[in-house]
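Peer 1:
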Ligand code: HDD
Ligand code: HEM
Ligand code: HEM
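Chains as they are written, first to last, in the working numbering: chain F, 283 to 744; chain E, 21 to 357.
(1) Using a Cβ cut-off of 8 angstroms (strictly closer), state whether residue 436 of chain F contacts chain E.
(2) With H, G and I counted as helix, E and B as strand and the rest as coil, what does DSSP make of residue 608 of chain F?
(3) Can you grab the Cα-Cα spacing for the pair residue 336 of chain E / residue 393 of chain F, in whole Å?
(4) State the Cα-Cα distance for the pair residue 466 of chain F and residue 661 of chain F, rounded to the nearest angstrom.
(5) Take every Cβ of the stretch 390-405 of chain F, pair it with every Cβ of the stretch 71-83 of chain E, and state whether three or more of those distances are shorter than 8 angstroms.
(6) Is the beta carbon of residue 360 of chain F closer than 8 angstroms to that of residue 285 of chain E?
(7) Please go through the same chain and pick out, in chain order, the residues whose beta-carbon is closer than 8 angstroms to the beta-carbon of residue 568 of chain F, but skip the five residues on each side of it.
(8) For residue 547 of chain F, which of helix, strand or coil comes out of DSSP?
(9) If you count every other CB in all the chains shown that lies within 10 Å of the CB of residue 317 of chain E, and 16 or more means buried, which is it?
(10) If you pair each beta-carbon of the stretch 661-677 of chain F with each one of the stretch 435-442 of chain F, do three or more pairs fall below 8 angstroms?
(11) Consult DSSP for residue 566 of chain F and reduce its assignment to one of helix, strand or coil.
(12) Give the single residue among F:656, F:572, F:577 and F:536 whose Cα lies nearest to the Cα of residue 601 of chain F.
(13) So is residue 527 of chain F in contact with chain E if we call contact Cβ pairs under 8 angstroms?
(14) Just to check my reading of the structure: residue 616 of chain F and residue 510 of chain F have Cβ atoms closer than 8 angstroms, yes? What is that Cβ distance to the nearest angstrom?
(15) What do you get for residue 625 of chain F, buried or exposed, if any count of 16 or more other CB atoms within 10 angstroms of its CB means buried?
(16) Which two residues bound the contiguous beta strand (DSSP E) that contains residue 186 of chain E?
(17) Grab the span of the beta strand (DSSP E) containing residue 450 of chain F for me, first residue to last.
(18) Please work out which residues of its chain come closer than 7 angstroms, Cβ to Cβ, to residue 470 of chain F, disregarding the five sequence neighbours upstream and downstream, and give them in chain order.
(19) So is residue 565 of chain F buried or exposed if we call it buried at 16+ other beta carbons inside 10 Å?
(20) If you draw a straight line from the alpha carbon of residue 289 of chain F to that of residue 686 of chain F, how long is it in whole angstroms?
(21) Which chain F residues are close to residue 303 of chain E, counting only those with a beta carbon under 7 angstroms from its beta carbon?
(22) If you check the beta carbons only, do residue 538 of chain F and residue 586 of chain F fall under 8 angstroms apart?
(23) Taking a contact to mean a Cβ-Cβ separation below 8 angstroms, would you say residue 190 of chain E touches residue 57 of chain E in this structure?
(24) Which residue marks the beginning of the alpha helix (DSSP H) containing residue 259 of chain E, and which one marks its end?
(25) For the pair the stretch 445-459 of chain F and the stretch 496-514 of chain F, tell me if three or more CB-CB distances fall below 8 angstroms.
(26) Roughly how many angstroms separate the alpha carbons of residue 288 of chain E and residue 296 of chain F, rounded to a whole number?
(27) Which two residues bound the contiguous beta strand (DSSP E) that contains residue 50 of chain E?
(28) Contact between the stretch 26-37 of chain E and the stretch 87-104 of chain E: three or more CB pairs below 8 angstroms?
(29) Could you please tell me which residues of the stretch 322-347 of chain F, in chain order, have their CB closer than 7 angstroms to any CB of chain E?
(30) Would residue 462 of chain F and residue 305 of chain F qualify as a contact pair, given that the criterion is a beta-carbon distance under 8 angstroms?
(31) I need the boundaries of the alpha helix (DSSP H) containing residue 443 of chain F, first residue and last residue.
(32) For residue 450 of chain F and residue 162 of chain E, I'd like the C-alpha separation in whole angstroms.
(33) Taking C-beta to C-beta, are residue 90 of chain E and residue 137 of chain E nearer than 8 angstroms?
(34) What is the rounded straight-line gap between the Cα of residue 301 of chain F and the Cα of residue 705 of chain F?
(35) Report buried or exposed for residue 665 of chain F, applying the criterion of at least 16 other Cβ atoms within 10 angstroms of its Cβ.
(36) Just the Cα atoms here: how many angstroms apart are residue 385 of chain F and residue 363 of chain F?
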């Protein structure tokens, strides 16, 4: 493989690993804030201790995910220089300030207040502690705002002018709020809400199945299910609008998503099939006539541009095609599971106040199986977005191949292998430790999670 | 020199970058140092050592992101040049920082049987990151020269720089702990004192030898006399550490902070010396601050952000240190009842 391909794989591996944790944290922090507020509101009742238990377990998960997000994010900030020096040289005038504002307004905020949020409860007043939690939540969300603005600008560049091959900013508002940004931000924040909701619901369901639950597990489970049930329809609407926006700005990406090889009127929607780029057709295609035109142009007879219109400037079809189907498939699955569970909870609300669970074991198993569904959909979505932008780095402007650092391939290969080995190891450790924590949800009182001695179990069997 | 905005802004950013990297080296220096020393403590001490840096390490690392961020934002050309020349040491540093940052959390959340493994990864990651940073500094000072001598020099700094982090770490522990662990920290400081001195002398001598320009700047009169306070103060700080770690009564009398503060002073002075040597280059003798700078309008946009947020960052950082002031105790996600 050549240096270009290796560098791309390395970048994709790093960011794919990185995004897993921000995706959880952006929303999980708001969940924690919610648990704290409910705990405060329930003061004096039995529920207070249960909200506290939920807060305790999910703070542990948050701390761990945050650590993984930080260290992989630091890797990201070096990647541009080590592998894509041409990128910063050409668009640094625009990308630089956006990244800079992320560091200045978001990273310091979250990293500094995290210390107080995690370890400061005995040292500051309740109000200050709540404020610190809010700062961390705001920080992670702001961070998503800036980085997504940059990513969107690379997808739909606006507000710039080119002088001697370098990109200069002409209108910062147009850069910041470039045409695809609002859609991408909304879609990503919802993705984050879904990922966290399914994680919270799934892990709590796992606790109930294993009999290692405490009072907090049920509250967390209900919060997760309700969160997911609210977010998923919004996500589907946001995704549809995002698709329409993409059709307007990146028709080649849509042609690849739908595997439309030739421009045609009343284009059919291909549900599944096997896109074959060499033969320029889709084998074994299962199609619904006219549906693609209907969804994308809201008119069954509309004409859609095919890949033939973009010779040498369209993305590889198969990853985009499959990525999209995995994401949408996950979204539909989420809709089914979240609404079924939410409906059961709603109907069983009297049982619940009598202390029963209302959800069946089948439903618990389903939720547990969906614990990491958000990750799968998110990664698939990013593959659609990012691979779909190829062969450009800045859409329609700069090609990926122009900007790569010319290192010897062997050197890039060696670091790629080192990163991959580390990531596989850490991912396995993360999932195992999550399961371990779910099975040992004891809430220590005097002893501490940072302490070597066993905790005193108060919230159910340790 | 014409003192208009387009000339001054790049200099300001050079200053911001320098300060961010200095803050990084001092702040992450002490927590990397604690990591380096971890293997020499017993199990209970390990927990206390990690607790002492628990609330801080994440914010400390963010200074590195800011330093590299400013390099990338304000000096994109230098950013590409420096980072692609340092490709391998950067990767080693990043892998080290990854292992270290996650071990910190995993060690108390994974099952007990795995704790020893995470402790080892924590120490190993700290060492890898510190040594890689030493290598990067050495390689930067010899302008990425591809000769045997230059590599040997980089190797020398890679081996010795960790000792100065260990000194910071030991100084931190002397302030934040008591009893047997504090006594151990004093001993550790004593052991790393001389290797740290050797590293500093090597770094100071290398720059003038590599670049005749730098030699000129230091060893011509009258500058030399004006600059004399830097090495003299460095030697005084060094001597203060020597005294404080040699006499148990000094630490017992509550002057343990002398070790940490003197080490920080040594770092600050070395930094000033280095800045003086390098100015106005960002890559010695190759690229000046102005040649590397990005477009003026972009610098203005980010300058506004820096001017507003940096003071706020300093304020809430100070606040956080006040919240966790005093001797380290066990860390808890819960209020102590
Ligand atoms: C949509 C969300 C999102 C995306 C696409 C990215 N990040 Fe990120 N990043 C976050 C959302 C985030 C976050 C939620 O804000 C994190 C996670 C944990 C944290 O500290 O903040 C974070 C952490 C984080 C950190 C560590 C901050 C710290 O020390 O506290 C760095 C340096 C980066 N990121 C850099 C990047 C770069 C260079 C990216 C892309 C090229 C990138 N991130 C993509
Ligand atoms: C989690 C989110 C992301 C994922 C999973 C992701 C995935 C990918 C993938 C798979 C590639 C390789 C494309 C290919 O080889 O065809 C890529 C490339 C790239 N992406 Fe992303 N991306 C994400 C977010 C971002 C963001 C937020 C930015 C901008 C700041 C970004 C900037 C880039 C750049 C610079 C490349 C260059 C390398 C290349 O195009 O091959 N990506 N990304
Ligand atoms: C079933 C409904 C969904 C539809 C119709 C949909 C639609 C889309 C479309 C068209 C894109 C590509 C945008 C582009 O070309 O730039 C996209 C990207 C993405 N999707 Fe979805 N999506 C759906 C569900 C989900 C779900 C459930 C998740 C995660 C929980 C998710 C996460 C993502 C992410 C992270 C991206 C990349 C964001 C970006 O474009 O920058 N999507 N989605």
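From the three backbone atoms N, C-alpha and C, an ideal C-beta is built for every residue, glycine too.
Since this is a predicted model, take the numbers as computed values, not measurements.
Peer 2: Let me spell this out:
(1) Position 154 of the first chain holds residue 436 of chain F. Output row for residue 436 of chain F: interface = no.
(2) Taking the first residue of the first chain as 1, we reach residue 608 of chain F at position 326. Correct three-state label for residue 608 of chain F: helix.
(3) Locating residue 336 of chain E in the second chain gives position 316, counting from the first residue. Locating residue 393 of chain F in the first chain gives position 111, counting from the first residue. Looking at the two C-alpha atoms, the distance is approximately 11 angstroms.
(4) For the purposes of this step, residue 466 of chain F is identified with residue 184 of the first chain, where counting begins at 1. For the purposes of this step, residue 661 of chain F is identified with residue 379 of the first chain, where counting begins at 1. Roughly 14 angstroms between the two C-alpha positions.
(5) yes
(6) Translated into the one-based positions of the second chain, residue 285 of chain E becomes position 265. Translated into the one-based positions of the first chain, residue 360 of chain F becomes position 78. No, they are not a contact pair.
(7) Here residue 568 of chain F corresponds to residue number 286 of the first chain, with the count starting at 1. Cβ within range, chain order: 552, 553, 554 and 555.
(8) Looking up residue 547 of chain F in the first chain gives position 265. Strand at residue 547 of chain F.
(9) As a working note, residue 317 of chain E is residue 297 in the second chain. With fewer than 16 Cβ atoms within 10 Å of its Cβ, residue 317 of chain E is classed as exposed.
(10) yes
(11) The sequence position of residue 566 of chain F within the first chain is 284, counting from 1. Three-state result, residue 566 of chain F: strand.
(12) Here residue 601 of chain F is taken as the residue at index 319 of the first chain, counted from 1. Selected option, being the one with the closest Cα: F:536.
(13) Position 245 of the first chain holds residue 527 of chain F. Judged by the 8 angstroms Cβ criterion, residue 527 of chain F is not in contact with chain E.
(14) One-based indexing of the first chain puts residue 616 of chain F at position 334. One-based indexing of the first chain puts residue 510 of chain F at position 228. Contact holds; Cβ gap of about 6 angstroms.
(15) Locating residue 625 of chain F in the first chain gives position 343, counting from the first residue. Per the 10 Å Cβ criterion, exposed.
(16) Residue mapping note: residue 186 of chain E aligns to position 166 of the second chain, counting from 1. Careful: residue 186 of chain E lies outside any beta strand (DSSP E), inside the alpha helix (DSSP H) at 168-196.
(17) As a first step, residue 450 of chain F is located in the first chain; it is residue number 168 there, counting from the start. Its beta strand (DSSP E) spans residues 448-451.
(18) Taking the first residue of the first chain as position 1, residue 470 of chain F is located at position 188. So the list reads 426 and 430, once near-sequence residues are dropped.
(19) Taking the first residue of the first chain as position 1, residue 565 of chain F is located at position 283. When all chains shown are included, residue 565 of chain F counts as exposed.
(20) If you number the first chain from 1, residue 289 of chain F lands on position 7. If you number the first chain from 1, residue 686 of chain F lands on position 404. Rounded to the nearest angstrom, the two C-alpha atoms are 8 angstroms apart.
(21) The sequence position of residue 303 of chain E within the second chain is 283, counting from 1. Under the 7 angstroms cutoff, chain F gives no residues; its nearest Cβ is about 13 angstroms from residue 303 of chain E.
(22) The residue given as residue 538 of chain F occupies position 256 in the first chain. The residue given as residue 586 of chain F occupies position 304 in the first chain. Cβ distance not < 8 angstroms, so residue 538 of chain F and residue 586 of chain F don't count as in contact.
(23) In the second chain, the residue the question calls residue 190 of chain E occupies position 170. In the second chain, the residue the question calls residue 57 of chain E occupies position 37. A contact, by the Cβ cut-off of 8 angstroms.
(24) Translated into the one-based positions of the second chain, residue 259 of chain E becomes position 239. Its alpha helix (DSSP H) spans residues 249-266.
(25) no
(26) The residue given as residue 288 of chain E occupies position 268 in the second chain. The residue given as residue 296 of chain F occupies position 14 in the first chain. Residue 288 of chain E and residue 296 of chain F: Cα-Cα distance of roughly 34 angstroms.
(27) For the purposes of this step, residue 50 of chain E is identified with residue 30 of the second chain, where counting begins at 1. Segment 25-57 is the alpha helix (DSSP H) holding residue 50 of chain E; no beta strand (DSSP E) there.
(28) yes
(29) 338, 341, 342, 345 and 346
(30) Walking along the first chain from the start, residue 462 of chain F turns up at place 180. Walking along the first chain from the start, residue 305 of chain F turns up at place 23. Not closer than 8 angstroms, so no.
(31) Your numbering for residue 443 of chain F matches position 161 in the first chain. Taken as a continuous stretch (DSSP letters only), residue 443 of chain F belongs to no alpha helix (DSSP H), being part of the beta strand (DSSP E) at 442-445.
(32) By one-based count along the first chain, residue 450 of chain F stands at place 168. By one-based count along the second chain, residue 162 of chain E stands at place 142. Looking at the two C-alpha atoms, the distance is approximately 33 angstroms.
(33) Counting from 1 along the second chain, the entry for residue 90 of chain E is found at position 70. Counting from 1 along the second chain, the entry for residue 137 of chain E is found at position 117. Going by C-beta atoms, residue 90 of chain E is not nearer than 8 angstroms to residue 137 of chain E.
(34) Taking the first chain and counting its residues from 1, the one referred to as residue 301 of chain F is at position 19. Taking the first chain and counting its residues from 1, the one referred to as residue 705 of chain F is at position 423. Rounded to the nearest angstrom, the two C-alpha atoms are 12 angstroms apart.
(35) In the first chain, residue 665 of chain F corresponds to position 383, counting from 1. It counts as buried.
(36) On the first chain, residue 385 of chain F is found 103 positions in, with the first residue counted as 1. On the first chain, residue 363 of chain F is found 81 positions in, with the first residue counted as 1. C-alpha separation (whole angstroms): 16 angstroms.
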